[in-house]
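Under this note's numbering, the first residue of the sequence shown is numbered 30, with each subsequent residue one higher.
Glycine residues also receive a C-beta, built at the ideal position from the N, C-alpha and C atoms.
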Amino acid sequence: MSMPFQWPADYAPAIQPPIEPPERSLWFVFRGSELLVTAAPAVELPHCNHPKSLGMMPQRIQYLGVLGEQHCFSAEAAAGVAAPKGWVWQGLRALFGALDDAQFALAGRALQIVDWDRAHQYCGACGAATVARKSERSRECPGCGLAVYPRLAPAVMGLVRRERELLLARSPRFPEGMYSALAGFVEPGETLEQCLEREVYEEVGIRVCRVRYFASQPWPFPHSLMIAFFADYCSGEIRVDGTEIEDARWFDVRNFENLPRLPARISIARRLIDAAKGEMLAS
Ligand SMILES: [Zn+2]
Numbered sequence: 030m031s032m033p034f035q036w037p038a039d040y041a042p043a044i045q046p047p048i049e050p051p052e053r054s055l056w057f058v059f060r061g062s063e064l065l066v067t068a069a070p071a072v073e074l075p076h077c078n079h080p081k082s083l084g085m086m087p088q089r090i091q092y093l094g095v096l097g098e099q100h101c102f103s104a105e106a107a108a109g110v111a112a113p114k115g116w117v118w119q120g121l122r123a124l125f126g127a128l129d130d131a132q133f134a135l136a137g138r139a140l141q142i143v144d145w146d147r148a149h150q151y152c153g154a155c156g157a158a159t160v161a162r163k164s165e166r167s168r169e170c171p172g173c174g175l176a177v178y179p180r181l182a183p184a185v186m187g188l189v190r191r192e193r194e195l196l197l198a199r200s201p202r203f204p205e206g207m208y209s210a211l212a213g214f215v216e217p218g219e220t221l222e223q224c225l226e227r228e229v230y231e232e233v234g235i236r237v238c239r240v241r242y243f244a245s246q247p248w249p250f251p252h253s254l255m256i257a258f259f260a261d262y263c264s265g266e267i268r269v270d271g272t273e274i275e276d277a278r279w280f281d282v283r284n285f286e287n288l289p290r291l292p293a294r295i296s297i298a299r300r301l302i303d304a305a306k307g308e309m310l311a312s
């Protein structure tokens with residue numbers, strides 16, 4: 030299966046729904062971070078005029094644009110609302126591979142928009158009720174003019190290479206035995222390259238050079254944009270920080286048996302590691 034990094038060419042984002050309400054649309058209805066889908070084995074999204082037709086009364090609705098031929102909306106159900114008969118609330122991560130790639134990617138976007146809309150009904154500066162702008166995805170305070178946009182937190186991931194070895198590390202939060210590339214959030218005023226160099230040095234005491242862009246992935250848990258790079262080892266010995274990182278090692282990619290458990294295929298970390306392995310084994 031392809032990974033959800035590239036938007037399908039047939040998705041056109043938009044903010045204003047058509048004036049004439051579409052007869053049937055694709056609905057991404059969230060209760061917290063759970064999405065309303067039909068029960069397994071056939072996992073499907075509501076395809077209807079309005080969630081009302083399923084007996085649901087959403088608190089807020091957002092228009093997402095057109096996917097293929099279908100208008101798409103996100104909607105927020107109240108906390109604790111039961112799913113209609115034949116439907117279930119499902120955590121988004123668990124739906125990777127169950128929904129098609131385009132729908133999964135759009136569900137990630139929808140979740141972030143629903144969360145943002147809920148959290149910014151009132152101005153964070155003066156407390157007045159905000160209003161949605163028509164021209165772009167933002168909300169504006171009529172009292173003081175503050176504009177709020179969907180929140181994005183850029184994070185940098187770096188996979189460090191030294192000849193035939195990869196530097197992989199584990200955080201205490203990881204599942205047992207799993208190692209991955211290093212990552213951290215970008216600080217104000219920092220370039221992506223500076224962030225990568227700082228994170229690697231802070232977490233494992235290694236200096237890197239030759240930072241090269243690999244790919245990026247939106248990560249809606251809750252609102253990251255992960256930007257992944259390769260980097261070459263420059264100097265230093267591994268010295269883990271002991272809090273963010275509990276262990277870090279050089280793994281020889283030729284020795285498959287000694288490679289640790291890697292992140293799931295949904296993640297850009299896995300794609301980054303697989304790409305490096307492939308390149309190093311081929312060279
Ligand atoms: Zn205000």
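Give the C-beta separation of residue i and residue j to the nearest angstrom, bearing in mind that I take them to be a contact with Cβ-Cβ under 8 Å.
i: residue 263; j: residue 238; result: 4 Å
i: residue 196; j: residue 289; result: Not a contact, Cβ separation roughly 12 Å.
i: residue 229; j: residue 211; result: 5 Å
i: residue 194; j: residue 280; result: 6 Å
i: residue 252; j: residue 184; result: With 8 Å as the limit, residue 252 and residue 184 do not qualify as a contact, their Cβ atoms being about 10 Å apart.
Spell out the partners DSSP gives residue i in its beta bridges.
i: residue 85; result: None, per the DSSP bridge assignment.
i: residue 145; result: Residue 145 is not bridged to any residue.
i: residue 105; result: 59, 89
i: residue 290; result: 207
i: residue 256; result: 185, 245
i: residue 119; result: 64
i: residue 303; result: BP columns for residue 303 are empty, so no partner.
i: residue 96; result: 40, 99
i: residue 175; result: In DSSP, residue 175 forms no bridge with anything.
i: residue 160; result: 169
Assign residue i to buried or exposed, taking buried as 16 or more other Cβ atoms, counted over all protein chains shown, within 10 Å of its Cβ.
i: residue 91; result: buried
i: residue 250; result: exposed
i: residue 48; result: exposed
i: residue 218; result: exposed
i: residue 138; result: buried
i: residue 306; result: buried
i: residue 283; result: exposed
i: residue 144; result: buried
i: residue 140; result: buried
i: residue 41; result: exposed
i: residue 310; result: exposed
i: residue 106; result: buried
Leaving out five residues on either side along the sequence, give the residues of the same chain with a beta carbon under 7 Å from the beta carbon of residue i.
i: residue 8; result: The chain is shown only over 30 to 312; residue 8 falls outside these bounds and no answer can be derived.
i: residue 54; result: 99, 100, 101, 102
i: residue 80; result: 56, 58, 87, 104
i: residue 73; result: 66, 67
i: residue 127; result: 72
i: residue 172; result: 152, 155, 157
i: residue 33; result: Note that residue 33 scores a pLDDT of 45, beneath 50, so its modelled location is shaky and nothing firm can be said.
i: residue 119; result: 63, 64, 66
If you drop the 5 nearest sequence neighbours on each side, which residues of the same chain put their C-beta closer than 8 Å to that of residue i?
i: residue 261; result: 189, 190, 191, 237, 238, 239
i: residue 45; result: 92, 163
i: residue 187; result: 210, 211, 212, 225, 228, 229, 237, 240, 257, 258, 259, 260
i: residue 232; result: 198, 211, 213, 269, 270, 273, 274, 277
i: residue 151; result: 157, 158, 159
i: residue 142; result: 91, 93, 103, 166, 179
i: residue 77; result: 53, 54, 56, 83
Taking Cβ to Cβ, would you say residue i is nearer than 8 Å to residue j?
i: residue 158; j: residue 169; result: no
i: residue 313; j: residue 257; result: Lying before the first or after the last residue shown, residue 313 is absent from the chain, which here runs from 30 to 312.
i: residue 108; j: residue 61; result: yes
i: residue 301; j: residue 243; result: yes
i: residue 70; j: residue 83; result: no
i: residue 121; j: residue 64; result: yes
i: residue 89; j: residue 147; result: yes
i: residue 85; j: residue 51; result: no
i: residue 161; j: residue 95; result: no
Apart from the five residues on each side of it in sequence, which residues of its chain come closer than 6 Å, Cβ to Cβ, to residue i?
i: residue 97; result: 39
i: residue 178; result: 167
i: residue 30; result: Only weak support is given to the placement of residue 30: the predicted model assigns it a pLDDT of 33, under 50, and the value that follows is read from those uncertain coordinates. For residue 30, where only same-chain residues beyond five positions count, there are no Cβ hits under 6 Å.
Please determine whether the Cβ atom of residue i lies at a distance below 7 Å from any heavy atom of ligand 2.
i: residue 158; result: This structure lacks ligand 2; its bound ligands are ligand 1.
Is the Cβ of residue i closer than 8 Å to any Cβ of chain D?
i: residue 298; result: No chain D appears in the structure shown, which is made up of a single protein chain.
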